[in-house]
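Student:
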Amino acid sequence: MLKHALYLDPETGRVQDVPRGEVCPRPKGILWIDLEVTDRADVEWLKGCFGFHPLALEDCLKSGQRPKLDHYDGYAFLDFYAAAFDPEKARLKTEEIDLFLGEGYLVTAHKAPMPVLDEVRQRWETATESTTGGASYLLYILLGTVVDAYFPVVDQMEEQLEVLEEMLFERFEQSVITRIFTLKKDLLLMRKVVAPTRDVCLLLLRRESHLIAPGTAIYLQDVYDHLIRVADSIDTYRDLVSGAVDAYLSVTANRTNDTMKRLTSISAVLMSVTLVAGIYGMNFQHMPELSWKWGYEFALGLMIAIALGLTILFKALRYF
Amino acid sequence: MLKHALYLDPETGRVQDVPRGEVCPRPKGILWIDLEVTDRADVEWLKGCFGFHPLALEDCLKSGQRPKLDHYDGYAFLDFYAAAFDPEKARLKTEEIDLFLGEGYLVTAHKAPMPVLDEVRQRWETATESTTGGASYLLYILLGTVVDAYFPVVDQMEEQLEVLEEMLFERFEQSVITRIFTLKKDLLLMRKVVAPTRDVCLLLLRRESHLIAPGTAIYLQDVYDHLIRVADSIDTYRDLVSGAVDAYLSVTANRTNDTMKRLTSISAVLMSVTLVAGIYGMNFQHMPELSWKWGYEFALGLMIAIALGLTILFKALRYF
Amino acid sequence: MLKHALYLDPETGRVQDVPRGEVCPRPKGILWIDLEVTDRADVEWLKGCFGFHPLALEDCLKSGQRPKLDHYDGYAFLDFYAAAFDPEKARLKTEEIDLFLGEGYLVTAHKAPMPVLDEVRQRWETATESTTGGASYLLYILLGTVVDAYFPVVDQMEEQLEVLEEMLFERFEQSVITRIFTLKKDLLLMRKVVAPTRDVCLLLLRRESHLIAPGTAIYLQDVYDHLIRVADSIDTYRDLVSGAVDAYLSVTANRTNDTMKRLTSISAVLMSVTLVAGIYGMNFQHMPELSWKWGYEFALGLMIAIALGLTILFKALRYF
Amino acid sequence: MLKHALYLDPETGRVQDVPRGEVCPRPKGILWIDLEVTDRADVEWLKGCFGFHPLALEDCLKSGQRPKLDHYDGYAFLDFYAAAFDPEKARLKTEEIDLFLGEGYLVTAHKAPMPVLDEVRQRWETATESTTGGASYLLYILLGTVVDAYFPVVDQMEEQLEVLEEMLFERFEQSVITRIFTLKKDLLLMRKVVAPTRDVCLLLLRRESHLIAPGTAIYLQDVYDHLIRVADSIDTYRDLVSGAVDAYLSVTANRTNDTMKRLTSISAVLMSVTLVAGIYGMNFQHMPELSWKWGYEFALGLMIAIALGLTILFKALRYF
Amino acid sequence: MLKHALYLDPETGRVQDVPRGEVCPRPKGILWIDLEVTDRADVEWLKGCFGFHPLALEDCLKSGQRPKLDHYDGYAFLDFYAAAFDPEKARLKTEEIDLFLGEGYLVTAHKAPMPVLDEVRQRWETATESTTGGASYLLYILLGTVVDAYFPVVDQMEEQLEVLEEMLFERFEQSVITRIFTLKKDLLLMRKVVAPTRDVCLLLLRRESHLIAPGTAIYLQDVYDHLIRVADSIDTYRDLVSGAVDAYLSVTANRTNDTMKRLTSISAVLMSVTLVAGIYGMNFQHMPELSWKWGYEFALGLMIAIALGLTILFKALRYF
């Protein structure tokens, strides 16, 4: 389903909608076709109009591609992901974008509606370099907008990490560990999205020079720097998650040891005192203490003395 | 044992079976020989007909090769694996394929029957580029079909992983750990199959250009992309397996600590109450409580009070 | 806000302040503009005067950049961090510096006041090579001063590590583990600052030769060597932190095992002795020991004998 | 001590023994000198006859070299290891071989008798390419035979690993862990032997072309493939050993937790029942139950009821 | 402080001491200046005589450099470490050496006396290639002697490791873990000394050819091989240390579990027997067993039966 076809007049610098019928043959300026691919007819239309290679069109229909850059005759095919953090489920959500970059046109294809593209359109209409930068400048705006949206995602992950770290040490619930490992998975997934996109960006800078307008390279370099930063942050957070789990295990090991010592001590104290009671519960006929006047009080005193003595001893041994 | 010898007529584009006697000398079109190697006679026949190097023929007889690409004079020798997931034993099954790619012919050699080759034949007969792409296009169909079969294998592994992850946290049985480590082994084995195949594919793209028809390179690039994706997924799942085991250890460490605390508490409560019973079981002649009218009830009340008091204390200390 | 504009007269070798109005157009000698960027007006002024690229100016306004080197037409843009160790909070503090290096000028931009720059000015005024080395020699002084300030930071971290290591083995408190992991985070952060700066320095040595005066390269090589040393030390300390935590876990595991053994032993001793008391507390009519003259003493002796015997046994088994 | 000096007549293709006196000056065909180095005189003789460099000769006397390839004027010096698995001690045994490869001759030097060299001689005498391949073909036979002997070593290690893995989970003895770590050490040692040999082989293929006959390169490529496979297998087994130890730790952690729960339960049941006995052992004058007719039976019934009730409760809580 | 200035006459091949006054201007042969740097005057003298760069001289005064190779006009500056294992404290001791290599001279600077240099002098005086190899041959002798001294250090570390490994499994004391981690630190430190020296050596071979006499390269290659071996050994020992700690943790985890089981069993046995005593200690009026003739013996028998029965049960369950 054709979402919109936009045409930038190279002379006036104005962006205007093009009716579907006038898209082929292509006009002279810069054309941006945005397609929501719902069935095979959509890609068939693309094939008829632009003559794209079947392998690339096949990729537009499939999901779960790895971000990549394929070079075809006269155009390049890109594949990358927009990312968002769903605040309700606290989980990462990614959306695949397929993109054809040619001389004077850019075609984007995706399976679900992408609100980020409205922002791209707005920036394209207002940027002063849109006319001179050609289709590659539009590519920069698109990639730049998508990559800039990675930062809040990574920031929210960092926030989550800090909250979870604090919870980990304060009061443990199994849900914390589960959530930490969900975060770990999300970081892994985000890395899988970001790292190959970074490589794609480097390839664009290195190899696709005839499709990239000379003045646009510096902008793509900027996007590349941002991608390095995001990838770096993800690696750092993965290290921090591992560190937090290690720290938690150290603390737990220590707590278990402490609890063991306390158990040793309490058991020993109570058992010793009970032993005294047991001794004076024996039924021997000749037990002098039993007939003492203050025998009972003596026994209670002995119990208290033993309890106190052992408690002081164990305190000194740092068992409590 | 010759499974089938197929001949694609370059003019009609038809694929037809060739009787064994007419295989040598080779006809003009594209020839695909599929051999089920059962004894030395099979490779001897190959040697007589194609004059392959003894080292390559030796590899056809042996098992357990690492996926590789060897360059000989006028032909290349490839070695790779088809993979399947046996649903009954929940284990990975791999099948080695040896392959000779020459100008105008492709020879496949394997030890067991391979149903995947029937699918290859069908695709070869129907693909429009079979005539122009030469033997390298047939190689693409074969490699592509084998590699595409990796995806369901990896997907089933992911499914298994998710099931096992859930089981790990819900109710532990030793079989879960055993199955997780079986999965880990399978991922390792799958990686050993996929990673060198990926390198072989890259080498094909880079070095063997005279055997690869110009239009076929883009298809092999697609196979290469798929191999990267599979290898990436395997790495991700290996990380997830490690993460799951780590999470499990964290949870277990925590549970052990919790159990320790509960043991401490229950022991302390019961021991304290028992101590009271022990005290009033002593046989002193002068024990005023013993002759109280409500002495027994007092003792029971004391016991309940101590039990309640300690329970409340331990609840407050989060020991239960 | 313009902090200072300094001008080095190439003939006299004197450094003097330049009034803001005379900065543009630039004088013939070497000019150092130091800017404290507080709002967009500051970078607008830079744009007007030097014509810097909008992307670089944007980076001056933003925070949290990764150390980097961008090449523009006729000048280079650098981004790196000064680091200090806050002794009160025992935490790392970093301050970003943006820098433009051009033919005959250096522009530094930062968000907070930076006392380190006063030291740079002083060294620039007194160094004998300031005249011949051009702006690149000033860059060396600046980078060298910032990088030399990394050493005390890393030394303080090492000191902290040693203190914490000792505390870890002597007497455990949870705060030690928390502090160790704070240190681990700081080392990670410091690495994130140092490693890309090292790469920037290497790039400067390799690629930006026309902006670097021939005699200055050997000085930048020296800075590069220092950066390698700092990065190496950080890696070593990270290994040491991991080693310390591992050692701690080993020691704790051993202690828990020891405590368990001690618990086994004490419980067994006390329970055995209590059993004797229990036996002689039974109410059978025919219990010969009960009517013995020294029955009570016999029972007490039996208890002591059992206690001693078990203690000796457990000592021999290394349970205490 | 000269073990044997063999001479392959390039015309007849026959291999024959050469008396020691006729070794120098060298005959025209291919000469293989095998030397068991026992003292300095052996290497002195080599020096006199072939004029080898003192550094290489020094290496023949020393042990514990790392596999390497050194290039000298007109000849190459190689160093690698034969490996065997001693079935009695279940430990890896390696034997160093030093080798000089020159135009028309091969000199092998080792410290202990090496039965593998008899096999090399036999293969050399029968191989059809011995005459055309020159000394480099003899090198291939030697290296190939030594490397092929790595496979049974690695296979025996895998077998050991599987046996130990099974023992680990079935019934633990400390010897299993000790043996696993011995295996780990052997894998490490084997890797130290294999990995540099692989690099030496690659160097031979890349750089020493004038000493390697053109047709022999494909054979050395085969040896190189085998070395990659062995190195790969070793890495896989090291991963598997780590995995097994991890699995064991997970299972042990779980078992400890299970044992803790059982301890909690048994203690709680027995303590509760004992408490009942303690209560009715108190000596209060007014305890109505004591004079009940079925008091005793009531108490026993109460004990059984408590024991059963708690057992059912703990079963429900999965404590047993 | 000038330790010695040695002069090798290129014609006679004799090494003789040069009075301090005759060092500048330099004589024609090969000059070796050995300097013990105690204050700034020492390096000032060097500057006056050889005109070395201030940055290199600064490095002679400072400590804790990373082994490196800096290229200056007409000479090279090297920095590396001699290592020794202090047998008393069982700790690694390193000593930094700074070195200038020029056409016809070698200058060594260090802060403490270095006995290893006497050995260097002796080897220089006796070696036959001293005259032809120039200053680079003297560098080889120096580097070779220092690097050969690494082997006994690494061997002593291995010995320590084996002793500690054995202690770890036989009888644990906390000191063993502390010593293991000291060893780990030493290995880390040794690696920090060896790995960059290896890289320096490679750089010397690759880049400094005009300062290295043609025949000396093969000797430096030998030093390089030795450095690779030392670095390899260190990596292996680090792996072994980690493996030993892992093994120790596995064994401890297992022991803890065993102790837990034993505790469960002993507690259960003693508690059960005590329960019997408790039952017959109850004061019910109607307890038939109490008035049995062999009641007491029956109770004791019951206790022994329960104890034996449970012991056999727990033995069967492998709890002891």
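If you're matching them up, the sequences are chains X, P, E, V and C in order. Its first residue numbered 1, the first sequence is counted upward by one per residue in the working numbering. Its first residue numbered 1001, the second sequence is counted upward by one per residue in the working numbering. Its first residue numbered 2001, the third sequence is counted upward by one per residue in the working numbering. Its first residue numbered 3001, the fourth sequence is counted upward by one per residue in the working numbering. Its first residue numbered 4001, the fifth sequence is counted upward by one per residue in the working numbering. Virtual Cβ for every residue (Gly too), placed ideally from N, Cα, C.
Say whether chain V places a C-beta atom closer than 8 Å to the C-beta of T4132 (chain C).
Tutor: Working through the fifth sequence from its first residue, we reach residue 4132 (chain C) at position 132. With 8 Å as the cut-off, T4132 (chain C) does not count as an interface residue toward chain V.
Student: Is the Cβ of S272 (chain X) closer than 8 Å to any Cβ of chain E?
Tutor: As a working note, residue 272 (chain X) is residue 272 in the first sequence. So, interface residue.
Student: Taking the continuous alpha helix (DSSP H) assigned at L249 (chain X), which residues delimit it?
Tutor: Here residue 249 (chain X) refers to the residue found at position 249 when the first sequence is read from its first residue. Element bounds for L249 (chain X): 217-279.
Student: Report the rounded CA-to-CA distance for Q285 (chain X) versus L2290 (chain E), giving the unit in angstroms.
Tutor: By 1-based counting over the first sequence, the position of residue 285 (chain X) is 285. By 1-based counting over the third sequence, the position of residue 2290 (chain E) is 290. Distance between the alpha carbons of Q285 (chain X) and L2290 (chain E) is about 6 Å.
Student: With P2052 (chain E) as the anchor, note down where its beta strand (DSSP E) starts and where it stops.
Tutor: Within the third sequence, the letter at position 52 stands for residue 2052 (chain E). The residue asked about is misnamed: residue 2052 (chain E) is Phe in this sequence, not Pro. Where F2052 (chain E) is concerned, there is no enclosing beta strand (DSSP E), given that its DSSP letter is neither H nor E.
Student: Please list the residues of the segment 4223-4236 of chain C that have a C-beta atom closer than 8 Å to any C-beta atom in chain V, keeping them in chain order.
Tutor: So the close ones are D4225, I4228, R4229, D4232, T4236.
Student: DSSP three-state label for W3292 (chain V), please.
Tutor: Position 292 of the fourth sequence, counting from 1, holds the residue named residue 3292 (chain V). Three-state DSSP puts W3292 (chain V) in coil, outside helix and strand.
Student: With 16 as the cutoff for other CB atoms within 10 Å, does R1040 (chain P) come out buried or exposed?
Tutor: Residue mapping note: residue 1040 (chain P) aligns to position 40 of the second sequence, counting from 1. With fewer than 16 Cβ atoms within 10 Å of its Cβ, R1040 (chain P) is classed as exposed.
Student: Can you tell me where the beta strand (DSSP E) holding A3083 (chain V) begins and where it ends?
Tutor: For this step, residue 3083 (chain V) is matched to residue 83 along the fourth sequence. From DSSP, the beta strand (DSSP E) with A3083 (chain V) extends over 3075-3086.
Student: What residues of chain V sit near T1259 (chain P), judged by a beta carbon separation below 7 Å?
Tutor: By one-based count along the second sequence, residue 1259 (chain P) stands at place 259. Simply N3257, M3260, K3261, T3264.
Student: Pick helix, strand or coil for Q1016 (chain P), following the three-state DSSP scheme.
Tutor: Residue mapping note: residue 1016 (chain P) aligns to position 16 of the second sequence, counting from 1. Note: Q1016 (chain P) maps to strand in three-state DSSP.
Student: State buried or exposed for V163 (chain X), treating a residue as buried only when at least 16 other CB atoms are found within 10 Å of its CB.
Tutor: Along the first sequence, read from residue 1 onward, the residue named residue 163 (chain X) stands at position 163. That one is exposed.
Student: I need the DSSP call for I3212 (chain V), collapsed to helix, strand or coil.
Tutor: Within the fourth sequence, the letter at position 212 stands for residue 3212 (chain V). Coil, per DSSP.
Student: What in chain P is Cβ-close to H4 (chain X), meaning under 7 Å?
Tutor: Along the first sequence, read from residue 1 onward, the residue named residue 4 (chain X) stands at position 4. By Cβ distance, chain P contributes nothing, its closest Cβ being about 29 Å from H4 (chain X), past 7 Å.
Student: Does the beta carbon of Y150 (chain X) come closer than 8 Å to any beta carbon on chain E?
Tutor: What you label residue 150 (chain X) is simply residue 150 of the first sequence in a count that begins at 1. Taking Cβ atoms only, chain E never reaches closer than 8 Å to Y150 (chain X), which makes this a no.
Student: Give every residue of the same chain whose Cβ lies closer than 8 Å to the Cβ of D329 (chain X), excluding the five residues on either side of it in the sequence, and list them in chain order.
Tutor: The displayed coordinates of chain X run from 1 to 320. Any statement about residue 329 (chain X) would go beyond what the structure contains.
Student: I'd like the span of the beta strand (DSSP E) that includes L2161 (chain E), first residue to last.
Tutor: Residue 2161 (chain E) sits at position 161 when you count from the first residue of the third sequence. Here L2161 (chain E) belongs to no beta strand (DSSP E); instead the alpha helix (DSSP H) covers 2150-2170.
Student: Is the beta carbon of C2201 (chain E) less than 8 Å from the beta carbon of L2220 (chain E)?
Tutor: As a working note, residue 2201 (chain E) is residue 201 in the third sequence. As a working note, residue 2220 (chain E) is residue 220 in the third sequence. Yes, they are a contact pair.
Student: Could you work out which residues of chain P lie near Q3285 (chain V), taking near to mean beta carbons separated by less than 9 Å?
Tutor: Locating residue 3285 (chain V) in the fourth sequence gives position 285, counting from the first residue. By Cβ distance, chain P contributes L1290, S1291, W1292, K1293, G1295, Y1296.
Student: Determine whether the Cβ of Y4280 (chain C) lies closer than 8 Å to any Cβ atom of chain E.
Tutor: Taking the fifth sequence and counting its residues from 1, the one referred to as residue 4280 (chain C) is at position 280. Yes, Y4280 (chain C) lies at the interface with chain E (some Cβ there is under 8 Å from its Cβ).
Student: Using three-state DSSP, classify D3199 (chain V) as helix, strand or coil.
Tutor: On the fourth sequence, position 199 is the one that residue 3199 (chain V) refers to. D3199 (chain V) falls in the helix class under three-state DSSP.
Student: Which residues in chain P sit within 7 Å of D70 (chain X), going by Cβ to Cβ distance?
Tutor: One-based indexing of the first sequence puts residue 70 (chain X) at position 70. Ordered by position in chain P, the residues that pass the 7 Å Cβ test against D70 (chain X) are Q1221.
Student: By Cβ distance, which residues of its chain are closer than 6 Å to D1009 (chain P), with the 5 residues on each side in sequence left out?
Tutor: Counting from one through the second sequence, the residue named residue 1009 (chain P) turns up at place 9. Cβ within range, chain order: G1029.
Student: On the DSSP bridge list, what partners appear for F3284 (chain V)?
Tutor: The count along the fourth sequence starts at 1 and reaches residue 3284 (chain V) at position 284. Note: F3284 (chain V) sits in no beta bridge, so no partner.
Student: Anything in chain P within Cβ reach of I177 (chain X), meaning under 7 Å, just list it in chain order.
Tutor: What you label residue 177 (chain X) is simply residue 177 of the first sequence in a count that begins at 1. Those are A1247, S1250, V1251, listed as they occur along chain P.
Student: Check whether the Cβ of S4352 (chain C) lies closer than 8 Å to any Cβ atom in chain E.
Tutor: In this structure chain C extends from 4001 to 4320, so residue 4352 (chain C) is not present and cannot be described.
Student: Against chain V, does T1184 (chain P) count as a neighbour if the rule is that its beta carbon must be under 8 Å from one of theirs?
Tutor: Numbered from its first residue, the second sequence carries residue 1184 (chain P) at position 184. The displayed chain sequence assigns Lys, not Thr, to residue 1184 (chain P). Yes, because at least one Cβ of chain V sits closer than 8 Å to the Cβ of K1184 (chain P).
Student: Going along chain X in order, which residues have a C-beta closer than 7 Å to the C-beta of F2169 (chain E)?
Tutor: Stepping through the third sequence from its first residue, residue 2169 (chain E) is reached at position 169. Neighbours of F2169 (chain E) on chain X: none; closest Cβ ~12 Å, over 7 Å.
Student: Among E:P2019, E:L2055, E:T2197, which one has its Cα closest to the Cα of Y2081 (chain E)?
Tutor: Here residue 2081 (chain E) corresponds to residue number 81 of the third sequence, with the count starting at 1. For the residues E:P2019, E:L2055, E:T2197, the minimum Cα distance to Y2081 (chain E) belongs to E:T2197.
Student: Express the C-alpha separation of A4090 (chain C) and L3263 (chain V) in angstroms, rounding to a whole number.
Tutor: Position 263 of the fourth sequence, counted from the start, is the residue given in the question as residue 3263 (chain V). Position 90 of the fifth sequence, counted from the start, is the residue given in the question as residue 4090 (chain C). Distance between the alpha carbons of L3263 (chain V) and A4090 (chain C) is about 45 Å.
Student: How many Å lie between G134 (chain X) and G104 (chain X) at the Cα?
Tutor: Counting from 1 along the first sequence, the entry for residue 134 (chain X) is found at position 134. Counting from 1 along the first sequence, the entry for residue 104 (chain X) is found at position 104. Between G134 (chain X) and G104 (chain X), the C-alpha separation is close to 6 Å.
Student: Apply the 10 Å Cβ neighbour rule to D1059 (chain P) and answer buried if 16 or more other Cβ atoms are within range, or exposed otherwise.
Tutor: By 1-based counting over the second sequence, the position of residue 1059 (chain P) is 59. Flag for D1059 (chain P) reads buried.
Student: Among X:K261, X:E297, X:S265, X:W32, which has the Cα closest to the Cα of G322 (chain X)?
Tutor: One cannot answer for residue 322 (chain X) here, as it falls past the ends of chain X, which runs 1 to 320.
Student: Does the beta-carbon distance from G2281 (chain E) to A4277 (chain C) come in below 8 Å?
Tutor: The residue given as residue 2281 (chain E) occupies position 281 in the third sequence. The residue given as residue 4277 (chain C) occupies position 277 in the fifth sequence. Yes; because the gap between Cβ atoms is below 8 Å, this pair is in contact.
Student: Say whether the segment 2226-2234 of chain E touches the segment 209-229 of chain X, bearing in mind that this needs 3 or more beta-carbon pairs closer than 8 Å, one atom from each stretch.
Tutor: No: fewer than three Cβ pairs fall under 8 Å.
Student: Less than 8 Å separating the beta-carbons of K4185 (chain C) and L2240 (chain E)?
Tutor: Mapped onto the fifth sequence, residue 4185 (chain C) falls at position 185. Mapped onto the third sequence, residue 2240 (chain E) falls at position 240. Result yes, Cβ atoms of K4185 (chain C) and L2240 (chain E) sit closer than 8 Å.
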